[in-house]
Amino acid sequence: MRYLMIVKATPMSERGEFPPNAEKMFADMAAFNNEMIAAGVMLDAAGLKPSSAGKRIRFEGRGKAILTDGPFAETKELIAGYWVIQCKDMDEALSWACRAPFEDGEVELRPFHEPEDFEGLVPDEVMAQEQGWRAEQARKSPKAPA
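Mapping of the sequence shown onto full-length UniProt numbering: residues 1 to 146, in sequence order.
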């Protein structure tokens with residue numbers, strides 16, 4: 001199963017600042033990423049710029065999009081980065097998430113829906129299109145994040 005490890009934003013990350021020990025933090029993060037890559041677990045990972053660099057799009061009816069410029073309130077609800085990992089079950093995913101090289105902060109772990117979750121709900125031709133799209137993306141994408 002695929003899981004999303006969501007790194008929650010902090011006041012510091014929302015200011016676009018890095019901690020005083022940033023060099024060590026990035027070295028520890030690289031080592032952690034390399035462990036996950038070597039174990040065949042990590043599919044993708046990235047850090048996000050502060051919400052001040054983003055936009056929020058709220059939909060009110062079909063075709064009606066309302067844009068809001070960042071920054072956004074409620075730092076505790078914002079995301080600073082993520083990993084996408086592939087594990088046999090939640091316990092394995094949790095063991096990786098608990099090893100994230102953070103001194104403080106919060107990581108949320110959530111499973112992705114998989115195709116079998118939608119059996120009987122999504123028409124077969126739509127599922128076939130989705131699977132074809134995923135296969136094409138996998139073919140075009142690099143095997144490990146840069």
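Where a beta carbon is used, it is the ideal one built from N, C-alpha and C, also for glycine. Just so you know, these numbers come straight off a predicted model, no measurement behind them.
query	result
Does residue 104 come out as helix, strand or coil in the three-state DSSP assignment?	coil
Tell me, please, which residues DSSP counts as bridged to residue 65.	59
Taking 8 angstroms as the threshold (C-beta atoms), are residue 115 and residue 1 in contact?	no
Going by C-alpha to C-alpha distance, which of 98, 132, 135 and 131 sits closest to residue 7?	98
Per DSSP, which residues does residue 86 bridge with? Please list them.	2
How should residue 162 be labelled, buried or exposed, when 16 other C-beta atoms within 10 angstroms of its C-beta is the threshold for buried?	No answer is possible for residue 162: the residues shown for the chain start at 1 and end at 146.
Determine, using beta carbons only, whether residue 20 and residue 12 come nearer to each other than 8 angstroms.	no
Suppose the cutoff is 6 angstroms on Cβ atoms and the five residues either side in sequence are ignored; what does the same chain contact list for residue 78 look like?	9 and 51
Out of curiosity, what's the CA-to-CA distance linking residue 89 and residue 24?	31 angstroms
Does residue 141 get closer than 8 angstroms to chain B when you measure Cβ to Cβ?	The displayed structure is made up of one protein chain only, and chain B is not part of it.
Please state whether DSSP places residue 111 in a helix, a strand or coil.	strand
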